[in-house]
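Chemist: Take the position in the sequence shown, starting the count at 1, then add 645; the result is the number in the numbering used here. Cβ atoms here follow ideal geometry from the backbone N, Cα and C, with glycine treated the same way. Okay, handing you the structure first.
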Amino acid sequence: WAPQIEAFSRRRRAIAPSLRHCWPDEWDGGGDYTASRHVLDIIAFIEKLAAGPLHLVGHSRGGRLCLHVAARAPRLVKTLSLYQPGGAADASFLPPLPASAPQRDSPAARIAAGDVEAGVAMFLEGLMGAGYWARARGDLKAMLRANARTLVAMGRDSSEPMTRAMAEAIEAPTLLIGGTGIPPMFLRVLDALEGLLKNARRARIESASHFANLENPALFNGVLEAFFDANG
Numbered sequence: 646w647a648p649q650i651e652a653f654s655r656r657r658r659a660i661a662p663s664l665r666h667c668w669p670d671e672w673d674g675g676g677d678y679t680a681s682r683h684v685l686d687i688i689a690f691i692e693k694l695a696a697g698p699l700h701l702v703g704h705s706r707g708g709r710l711c712l713h714v715a716a717r718a719p720r721l722v723k724t725l726s727l728y729q730p731g732g733a734a735d736a737s738f739l740p741p742l743p744a745s746a747p748q749r750d751s752p753a754a755r756i757a758a759g760d761v762e763a764g765v766a767m768f769l770e771g772l773m774g775a776g777y778w779a780r781a782r783g784d785l786k787a788m789l790r791a792n793a794r795t796l797v798a799m800g801r802d803s804s805e806p807m808t809r810a811m812a813e814a815i816e817a818p819t820l821l822i823g824g825t826g827i828p829p830m831f832l833r834v835l836d837a838l839e840g841l842l843k844n845a846r847r848a849r850i851e852s853a854s855h856f857a858n859l860e861n862p863a864l865f866n867g868v869l870e871a872f873f874d875a876n877g
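Printed below as a string of structure tokens:
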């Protein structure tokens, strides 16, 4: 979020919290790394700062967390901006896809076996395409290495799935952001949210995929700033 903090803090108070067990924590893999815990942490964090109602922005798994924050604590959320939200969803939200055969090799398996570099590279290329690790930004690689153990925890966490009831409870103006080359699993979530949310609009970030906030920050930031300005 460094490019967003730099840009948004010129006019606003901009905060990017580091979630429990993420960098700079040196996490050993134990304890409570779940979406349920993180949703409660985010709500407590906003309340402690007396910062709400605020413009809440979430990316990928963070988008799922922000959805639950907006549904549970609407008083804290002025607007909701979700860039390719993803993660666990139940059948009321998305029809299940056919079950795939279990894979012995995975990013989590490689990281659990101690090969962090191969694990995070496999994770990133699963989102962005083969060969992406070699040309990825250094700050993106560093973030994935620092939070590698969280990829293992995410794989076994099914708490706080996205549900139809959760989406229908959200009244805050919501911006649903996609990108060129969006992975199909994230496109399904955006389409579902567009149909369920009361007050949603779509935006498209060109020349970017799952990490537009880093790959094309000027365009990403401009889309968000316009949305913030239009909604107080």
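Is the beta carbon of residue 653 closer than 8 angstroms to that of residue 729?
Modeler: The sequence position of residue 729 within the sequence shown is 84, counting from 1. The sequence position of residue 653 within the sequence shown is 8, counting from 1. The answer is no: Cβ separation not under 8 angstroms.
Chemist: So, helix, strand or coil for residue 726, using DSSP?
Modeler: Taking the sequence shown and counting its residues from 1, one reaches residue 726 at position 81. Strand, per DSSP.
Chemist: Taking the DSSP output, what are the residues bridged to residue 824?
Modeler: The residue you call residue 824 lines up with position 179 of the sequence shown. Its beta-bridge partners are 850.
Chemist: Do residue 838 and residue 848 count as a contact pair if the criterion is CB distance below 8 angstroms?
Modeler: As a first step, residue 848 is located in the sequence shown; it is residue number 203 there, counting from the start. As a first step, residue 838 is located in the sequence shown; it is residue number 193 there, counting from the start. No; because the gap between Cβ atoms is not below 8 angstroms, this pair is not in contact.
Chemist: Tell me which residues share the same chain as residue 646 and place their Cβ nearer than 8 angstroms to its Cβ, disregarding the 5 neighbours each side in the sequence.
Modeler: The count along the sequence shown starts at 1 and reaches residue 646 at position 1. Closer than 8 angstroms at Cβ, skipping near neighbours: 661, 858.
Chemist: Unbroken beta strand (DSSP E) runs of length 3 or more, entirely within the region 764-837: which are they?
Modeler: Those beta strand (DSSP E) runs which fall completely within the region 764-837 and span 3+ residues are 819-824.
Chemist: Determine the DSSP secondary structure at residue 666, reduced to helix, strand or coil.
Modeler: Stepping through the sequence shown from its first residue, residue 666 is reached at position 21. Coil at residue 666, not helix or strand.
Chemist: What residue range is occupied by the uninterrupted beta strand (DSSP E) comprising residue 703?
Modeler: In the sequence shown, counting from the first residue as 1, residue 703 sits at position 58. Element bounds for residue 703: 699-704.
Chemist: What's the gap between the Cα of residue 727 and the Cα of residue 835?
Modeler: By 1-based counting over the sequence shown, the position of residue 727 is 82. By 1-based counting over the sequence shown, the position of residue 835 is 190. Answer to the nearest angstrom: the Cα atoms are 9 angstroms apart.
Chemist: DSSP on residue 734, reduced to helix/strand/coil?
Modeler: Start at 1 with the first residue of the sequence shown, and residue 734 comes out as number 89. Here residue 734 sits in strand by DSSP.
Chemist: Report yes if the CB atom of residue 721 is closer than 8 angstroms to the CB atom of residue 698, and no otherwise.
Modeler: Within the sequence shown, residue 721 is the residue found at index 76, counting from 1. Within the sequence shown, residue 698 is the residue found at index 53, counting from 1. Their beta carbons are under 8 angstroms apart, which means residue 721 touches residue 698 by this criterion.
Chemist: By the 10 Å Cβ neighbour count, where 16 or more other Cβ atoms means buried, how is residue 752 classified, buried or exposed?
Modeler: Stepping through the sequence shown from its first residue, residue 752 is reached at position 107. It is buried - the Cβ of residue 752 has at least 16 other Cβ atoms within 10 Å.
Chemist: Does DSSP put residue 718 in a helix, in a strand, or in coil?
Modeler: Numbered from 1 along the sequence shown, position 73 holds the residue referred to as residue 718. Correct three-state label for residue 718: coil.
Chemist: Counting pairs of Cβ atoms below 8 angstroms between the region 783-800 and the region 762-774, do you hit three or more?
Modeler: The region 783-800 vs the region 762-774: in contact.
Chemist: What do you get for residue 850, buried or exposed, if any count of 16 or more other CB atoms within 10 angstroms of its CB means buried?
Modeler: Walking along the sequence shown from the start, residue 850 turns up at place 205. It counts as buried.
Chemist: Going by alpha carbons, who is nearest to residue 671 out of 694, 874, 795, 743?
Modeler: What you label residue 671 is simply residue 26 of the sequence shown in a count that begins at 1. Checking every option, the nearest Cα to that of residue 671 belongs to 795.
Chemist: Just checking, does the region 728-742 make contact with the region 793-810 on the three C-beta pairs under 8 angstroms criterion?
Modeler: Touching, yes, given that three or more Cβ pairs across the two stretches are closer than 8 angstroms.
Chemist: Following the continuous alpha helix (DSSP H) through residue 692, name the residue where it begins and the one where it ends.
Modeler: Sequence index remark: in the sequence shown, residue 692 carries index 47 (1-based). Start and end: 680-694.
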